[in-house]
Structures are given as C-alpha cells and as structure tokens.
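Asker: One structure coming up, written as structure tokens, with questions to follow.
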Amino acid sequence: MAIEILMPALSPTMEEGTLAKWLVKEGDTVSAGDILAEIETDKATMEFEAVDEGVIGKILVAAGTEGVKVNTPIATLLAEGESADAAPAPAAAPAAAAPAPVAAAPKAAEAAPVAVQSKASPDWAEGTEMKKQTVREALRDAMAEEMRRDGTVFLMGEEVGEYQGAYKISQGLLDEFGPKRVIDTPITEHGFAGIATGAAFGGLKPIVEFMTFNFAMQAIDHIINSAAKTLYMSGGQMGAPMVFRGPNGAAARVAAQHSQDYAAWYAQIPGLKVVMPYSASDYKGLMKTAIRDPNPVIFLENEILYGKTFEVPVLDNFTIPFGKARIWREGTDVTIVSFGIGMTYALEAADKLAAEGISAEVIDLRTLRPIDYDTVIASVMKTNRCVTVEEGWPVGSIGNHLSATIMERAFDYLDAPVINCTGKDVPMPYAANLEKLALVTTDEVVAAVKKVTYR
Amino acid sequence: MATKKPQAQSNVSAEELKGYYRDMLLIRRFEEKAGQLYGMGLIGGFCHLYIGQEAVVVGLEAATKEGDKRITSYRDHGHMLACGMDPGGVMAELTGRIGGLSKGKGGSMHMFSKEKHFYGGHGIVGAQVPLGAGLAFADKYLGNDNVSFAYFGDGAANQGQVYETFNMAALWKLPVIFVIENNQYAMGTAQRRSTSTPDLWTRGAAFGIPGEAVDGMDVLAVKAASEKAVAHCRAGEGPYILEVKTYRYRGHSMSDPAKYRTREEVQKMREERDCIEQVRDLLLSGKHATEEDLKSIDKEIKEIVNKAADFAKESPEPSVEELWTDIYA
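Protein chains in written order, with my numbering: chain G, 1 to 455; chain Z, 1001 to 1329.
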C-alpha cells in the first residue's frame, strides 16, 4: 500500500508552510535521508528528507503552493512493484487527490486579525493608506528605518546577522547595514548585555536582541542594576538609551524553561520602560519610539504573534507614544484589559460575549511602564466591571496591580470585584493537554465576564 | 630627569614624580578623612577605602589622554580623584548632600562624571568589566582612538561575566585595558583560598589577550606598564590585561575588622612597600625635592581635603523633590 508523505511541522509554532520546491519527481526512487523538497516556514526554508525508501508515486501538492497545513498529504511513496495509482493508505485527507493547492486556506481569511476593530485608531489620521504586514515584518521595518535615521543605532545578539535572526526578525539587516551595525554575539547574554549597556553609556543606541527573554535572566543584573539605575545613581548625568527586545512568554510545546511571561517582572522596575504590543502597527510604532527613547526600554515580543498579519499605516515617520492604551472595541457592560498575546483571548472572548448579548469594551494597554491608568479607569467608570487578561503568573501580576489601582480610584463605580485571568500558578508543562490548561483561555475570560456581570 | 631606581623609567621628570606624590597623597589623606567622617556618623552605609592602593590609579592615569574612559567597582574614590574629579563633590556625595557628584543619590559606590569620562562606581562585583568593554566598543564604533580602563579586583576576576567579556573584547579587538587590582583579598577571602591559579594576568591567554603582572606599590612601574598597554590598545591591537599587585591597608569596608590577616602582615607592607614612601624616598634621595618642598605639598593637600570635608558637611541634603527626579531622561 502506498505511504502518504505528510507536510511536516518544522518549528514549535508552525501550523502551515509553503511547499517551495520539489527535488524529486514522480517515478524517482528515493532512500531514507534523501531530500525530497524545500519547505518554507515563516522563519526559514528547510529541507525535508525522506524517512522511508521507495518510489515517488504521485505528487499531491505542487511546488509553489502556499499555506499548506501541517499533516496534509503532499505526495505518495510506493513500495516496490506498486502502481502509482495505488490508493493512498488512510482516508484522512479527502481533498488530497488533486495536485492543486490542497489544504491551503485562503490567505486573507487566515490573516484576518480580529473581528471587530474600534473606530479609527488615534495613532494615525483617518484615510491613511494601510498595508497588510506581519508583526515580524513590522518589527524589521521599524529597526531598519531607525538605523537609517541614526548611525548610532545598532543591533546586537545571537544569530541576528548571518543567520538572519533565530526568528527571522532581523532578516536583511546585515545586508543593508553590514557587520559593524548588525553584530552576531557569542552565546553570552550576561556579557553582551553588559557590553551593550556600556556602549549606551558611551554614546551609542544599542538594540539588544535576546533570542528569547528566558535567556535574559542571565543578563538581568545589567538590565536592572546597570541600565535602569544609572541615570538615578549619577544624579542625571548619564543613562542607557537602549532597547532590550525579543520574544517573551509561551511559544508552543517548549516547556518550562522556555515559556515564561516577564511582563510583571520588568514592569516593576523604575528606570525601565516596558512595552508589550499586540498588533503589527503597534509593534512598528512602539519599536520606533523605543529606539528613540533616551531610556532603557524592555520590548516584549511574542513568537506566536510574529506570523500574524495586521493592517499597518503606510507613513514615513510613524511612531506611537508610550503610555497610551488603545481601545480595540467599545462596549458598555464590562471592561476587558489586556496586552500582548493576551489580546487574542480578550478579543475572542468579546466576540463570543457579543453573541450572547454582552457588550465588552476591550483595552490593549500596549505599554506596561508607563501604564495608561486613565483610559482603564474611565472605561471602568462607564462599565462598572473589569476583567484583566494576561499569560503571566497570578501572584504579583499586572492584573493584581490594575485591580488595586481600580479599587483606589474607582471603588464606588465597581458593581463586582475585578477578576484577573492569568496563566496558572505552575511551571509550563510540555504535554499538549496540560500546556493548554496552564495558559489562560478564551473560555476563562468569558466565564470571568459572566461572573462579574452576574449572568 | 632620571630617577635612580632601576625599574623607574628614564622619561619621568622630577615634576612628574612630584605630581604622582601629590596625587597619591591626595587620595590617602582624602580617604583618611572619609574614614574619620564615617566614624562621626556623617557618612553612612558602605564605604570602601583605597588606602594602600594609590599607586595603581595614579600610575595608570599617567598614561592617559583626554577622551580616555575609566570605570571601576565600589572602591572608587581614588579613581575619581586621580582623574581630576572635584574632591569636594566626591566627599559631599559620601555625606549624601546635594553638592555631591550624584546630588547625594549615589553615595560612596555610585559616582559618575561625563566631563572626566568616569563611568562609575558599580556595586555588583564584576559588572563593570563588560560595561568597560562596552565603552571601548562605543569608541571603536565611533572611530576614535580612545582607550577604556576597566578596573576590577582579584575577587571579581572569578566572575563568569569577566570571561564572557574577555572573549568578546578579543574577538572584536576592543581598545580596553583590563586592570586587575589584586589586593590579595576578596573581602575576607585570601586569593589562595578562592583562586585556582595565582597569576591572574595569565587568564587572558585562553582568549589571546596579552597581559603582565605589575608591582602595584611602585607608581613608576605601573606607569610604564600603563604606557605599554595604552600603546597596544591605541594601535588597534585589542585588549590588554594588567594584573597590578597591590595591598589595601584598611578593611574591605568600614565595618570589616579584617581578622583574616595578621596585623604584622599589614604593618610589614606599610613599612617596606608603601607607594607614597617609595616616591618620597626617590624624590629626596635623588635631590629632586627638599623636605620643605614636600611639606608644602602636604600642606596643600591638607587644605584641599579639609575644604572638601567642610563642603561635604555644609552642603544641604537634597531637596525632597530630588526623590522623584532622574528616573527617566
């Protein structure tokens, strides 16, 4: 019986990819280890090898097909003597017969950011030309634009140069700016964070990429003791104008040491500014602001969001100020406050709630230091109820802090206690089912809203 | 004018030698005064005195030019005075007053001067090493020929980040001089009890960084080594390590009773190796200065230190508003 060759998952977060090129054709004999095809993920182009020997029967997905879902059959492999017309083994893939794009869902539908977006963003004028861009592209553009603008801005980190970025954020930057300004470091976070901070003292504007913020724990002494505190300790004489950036929080199935949200940790430190955007336009506008800011800025990105597409304004000099929340959706019954990937759950929950007749106002904080308290308080005074959503742990969370602030400033407006939806108070498990349980979910947000609205 | 000591460099003039005497004496008298003010309760917290190690910074500074940068640990008063920062500003920082170099907000361990290119004043052992390499990184990036001095102790020499920095400094040929001030005790732990190999200057070998040991009680030997290291860095040859063997006479900080060494050990060092006495002997025996000349220097220093102490006592505490300034630029 013919064996189906399935579209492989080539990274922890890959759900689909492009079948860039076939390196075999129908009728070719292959051995285990032979390269069958080149597959493009959002991060890289990977070679895909045969695991069995046999003859290539039918090629089911043509070269150049985009959006091929993981586990879609892409070819059949025949055993000796089998005919190419032999039926593929399982019946799992009904559409697999045609050599046309198979499982490729229409790109636009896949990319559709959110169901409802509030009236025009205050960040750009109505009627501004918009383009679709992924978070990944928006980040790269922001850095490239600022590097063109200011010769003292440089990027330093592991694999940012020749490898083009472990998550492909710095793609193309080495070609444009050269190795003087796009610097590959050894795997020594403590050391290079210190060197970058010293370079900032010395008049440069470093962007330090941590491959993930988990590894920044090696460098946290320099982030806090050296970068954040020097302006104060020097009586205002010198500080560290720089950006520490990289993916933060859980990716997918990478377990405890690689899945941690540091939002609340860094938000606690005076002297730091902390940014944790959700949409591509915010990634772009806030990154440009971060690079220009004369203080150390922690820029918390998210690996799952890197590949998401949003509308980004086409503007020459697009920046977004820190400390301004964005109201993504207006509502009257409850205020849902979130930031970063938490917005995914907040917005999904708002959709579900709308279907049940509950009108949720959804606020994206965007920056966690400074925090736009006023927007949150004004909303809570209108809706009288609040639910916060974040992926981080519950103790000492951003939600805890917001709850206290709301209690202090809007106690008489509250019709129910504020509920904090957070990640569970456990290290991140590896098992797929447990990982889902450890993260905050849309259903939990919906349940919390129902609780505060007494439905 | 040549001095008579064999290790002395022939390019040292009598005036320069007198200058080193003066600079070292300023540090010593300043530190003694700081110790006194600490005893009176005018200085609080941690206060790490530099007494005994004066030849290290004075010798190293002798080879610098405008634009060169320096950064060190919390035992930083001597470095600041040696690079020309105002003694009154340093002392007023020790007393936590608005006239201090950090407006009273940094204290003994945290002072800075943009004007004198002094980048602190760091309280976490070893942290100043990558920071110092970063200063050198900036100069190399900007394309000038400045050199950075990253001072650290024998204790910090065991920190992991030092070796991360050695690697990158060598890889990127950064113009940084790693000055290991080996005063033989990491707080209370003697070097032989904390360190697997005695010669710290050899630790750059694994990274291809040249280095040498220097007699840190001999200011002329330090100066000569500094000139060599500076020339190496300015020529674009990358980093250099100087292990300067020195000795601190006082405890690690004011609250350290220093029970980990004998009184005799300290006394022997003071009597036989003292850096200021050595230069004093050189000046007198070579007839480069008279007793009267030196007395007048002593008097001048005493006045500077007293004036600094008076300023540090009279300068008001920072205003309450200062609590909330300088957090963000």
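Glycine included, C-beta positions come from ideal geometry on N, C-alpha and C.
Please list the residues of the stretch 235-259 of chain G that have a C-beta atom closer than 8 Å to any C-beta atom in chain Z, keeping them in chain order.
Answerer: For the stretch 235-259 of chain G, which is checked against every Cβ of chain Z, the residues closer than 8 Å are GLY235, GLY236, GLN237, MET238, GLY239 and PRO241.
Asker: Quick check on PRO1175 (chain Z): buried or exposed, where buried means 16 or more other Cβ atoms within 10 Å of its Cβ?
Answerer: Result: buried.
Asker: Determine the DSSP secondary structure at MET381 (chain G), reduced to helix, strand or coil.
Answerer: Reduced to three states, the DSSP call for MET381 (chain G) is helix.
Asker: Give me the subset of the stretch 173-192 of chain G whose CB atoms are less than 9 Å from a CB atom of chain Z, sorted by chain position.
Answerer: Within the stretch 173-192 of chain G, the qualifying residues are LYS180, ARG181, ILE183, THR185, PRO186, THR188, GLU189, HIS190, GLY191 and PHE192.
Asker: Report the three-state DSSP secondary structure of ASP282 (chain G) (helix, strand or coil).
Answerer: Three-state result, ASP282 (chain G): helix.
Asker: From the beta carbon of ALA1138 (chain Z), is the nearest beta carbon of chain G less than 9 Å away?
Answerer: Chain G contact via Cβ: present.
Asker: Is the beta carbon of LEU1026 (chain Z) less than 9 Å from the beta carbon of ILE1301 (chain Z)?
Answerer: Yes, the Cβ-Cβ distance between LEU1026 (chain Z) and ILE1301 (chain Z) is below 9 Å.
Asker: Taking 6 Å as the limit between beta carbons, can you name the residues of its chain near SER1113 (chain Z), skipping five residues before and five after?
Answerer: Excluding sequence neighbours, SER1113 (chain Z) sits near MET1085.
Asker: Can the beta-carbon of ASN248 (chain G) be found closer than 9 Å to that of THR212 (chain G)?
Answerer: Yes; because the gap between Cβ atoms is below 9 Å, this pair is in contact.
Asker: Does the beta-carbon distance from PRO427 (chain G) to THR128 (chain G) come in below 9 Å?
Answerer: Contact flag unset, no.
Asker: Buried or exposed: where does ARG181 (chain G) fall if 16 or more other Cβ atoms within 10 Å of its Cβ makes it buried?
Answerer: Label assigned to ARG181 (chain G): buried.
Asker: Is the CB-CB distance between GLY194 (chain G) and ALA219 (chain G) below 9 Å?
Answerer: For GLY194 (chain G) and ALA219 (chain G), yes; Cβs fall inside 9 Å.
Asker: Do ALA37 (chain G) and LYS21 (chain G) count as a contact pair if the criterion is CB distance below 9 Å?
Answerer: Taking 9 Å as the Cβ cut-off, LYS21 (chain G) and ALA37 (chain G) qualify as a contacting pair.
Asker: Let me know the secondary structure DSSP gives TYR306 (chain G) once reduced to three states.
Answerer: If DSSP states are grouped into helix, strand and coil, TYR306 (chain G) belongs with the helices.
Asker: Just to confirm the assignment: which complete beta strand (DSSP E) runs, minimum length 3, are found wholly within the stretch 171-207 of chain G?
Answerer: The stretch 171-207 of chain G contains these whole beta strand (DSSP E) runs: 182-184.
Asker: With a cut-off of 9 Å, does the C-beta of ASP1145 (chain Z) fall near any C-beta of chain G?
Answerer: False, the Cβ-Cβ gap to chain G never drops below 9 Å.
Asker: Return no unless some Cβ of chain Z is closer than 9 Å to the Cβ of ASN295 (chain G).
Answerer: Yes, ASN295 (chain G) counts as interfacial toward chain Z.
Asker: Please confirm whether PRO113 (chain G) has its beta-carbon closer than 9 Å to some beta-carbon of chain Z.
Answerer: Per-residue confidence for PRO113 (chain G) stands at a pLDDT of 40, beneath the threshold of 50, marking its modelled position as unreliable; no derived number is given.
Asker: Nearest-angstrom Cα distance between HIS1077 (chain Z) and GLU1031 (chain Z)?
Answerer: Between HIS1077 (chain Z) and GLU1031 (chain Z), the C-alpha separation is close to 8 Å.
Asker: Identify the continuous beta strand (DSSP E) that holds TRP22 (chain G) and give its terminal residues.
Answerer: Element bounds for TRP22 (chain G): 16-22.
Asker: With the cut-off set at 9 Å, would you say MET130 (chain G) and MET287 (chain G) are in Cβ contact?
Answerer: Not a contact, by the Cβ cut-off of 9 Å.
Asker: Quick check on the DSSP output: the alpha helix (DSSP H) that includes MET233 (chain G) runs from which residue to which?
Answerer: 230-233 is the span of the alpha helix (DSSP H), which, as asked, contains MET233 (chain G).
Asker: Taking C-beta to C-beta, are GLY1106 (chain Z) and SER234 (chain G) nearer than 9 Å?
Answerer: Cβ atoms of GLY1106 (chain Z) and SER234 (chain G): closer than 9 Å.
Asker: Can you tell which of G:GLY331, G:GLY151, G:SER259 and G:GLU40 has its C-alpha closest to the C-alpha of ARG385 (chain G)?
Answerer: It is G:GLY331.
Asker: For GLY203 (chain G) and chain Z, any beta-carbon pair shorter than 9 Å?
Answerer: Interface residue, yes.
Asker: Going by beta carbon distance, what residues of the same chain come within less than 8 Å of HIS190 (chain G), once the five residues before and after it are set aside?
Answerer: Answer for HIS190 (chain G): GLN218, ALA219, ASP221 and HIS222, listed in chain order.
Asker: Can you tell me whether PRO270 (chain G) is helix, strand or coil according to DSSP?
Answerer: The answer is coil: DSSP assigns PRO270 (chain G) none of H, G, I, E or B.
Asker: With 9 Å set as the bound, which would you pick, yes or no: does the beta-carbon of LEU231 (chain G) sit closer than that to a beta-carbon of chain Z?
Answerer: Answer yes: the Cβ-Cβ gap between LEU231 (chain G) and chain Z drops below 9 Å somewhere.
Asker: Between G:LYS69, G:THR344, G:LEU6 and G:ALA431, which has its C-alpha nearest PHE48 (chain G)'s C-alpha?
Answerer: When only C-alpha atoms are compared, the closest one is G:LEU6.
Asker: Suppose only complete runs of 4+ residues qualify. What are the alpha helix (DSSP H) ranges in the stretch 135-170 of chain G, listed by chain order?
Answerer: If we require 4 residues or more, the alpha helix (DSSP H) runs fully inside the stretch 135-170 of chain G come out as 135-149.
Asker: Determine the closest residue to LEU1060 (chain Z) out of Z:MET1109, Z:VAL1230 and Z:PHE1118, with distance taken between C-alpha atoms.
Answerer: Selected option, being the one with the closest Cα: Z:VAL1230.
Asker: In chain order, what residues of the same chain have a beta carbon less than 8 Å from the beta carbon of ARG1192 (chain Z), not counting five sequence neighbours either side?
Answerer: Correct list, in chain order: PRO1198.
Asker: Taking LEU272 (chain G) and ARG369 (chain G) to be in contact with their CB atoms under 8 Å, please state how far apart those CB atoms are, rounded to whole angstroms.
Answerer: Confirmed, Cβ separation roughly 6 Å.
Asker: Could you name the residues of chain G that PHE1152 (chain Z) contacts, counting a contact when the two beta carbons are closer than 9 Å?
Answerer: What PHE1152 (chain Z) touches in chain G: nothing, since even the nearest Cβ is about 12 Å away.
Asker: In chain Z, which residues lie with their C-beta within 9 Å of the C-beta of ASP150 (chain G)?
Answerer: Those within 9 Å of ASP150 (chain G) in chain Z number zero; the least Cβ separation is about 13 Å.
Asker: For ASN1158 (chain Z), return the contacting residues in chain G, with the cut-off set at a CB-CB distance below 8 Å.
Answerer: Within chain G, no residue comes near ASN1158 (chain Z); the closest Cβ sits about 14 Å away, beyond 8 Å.
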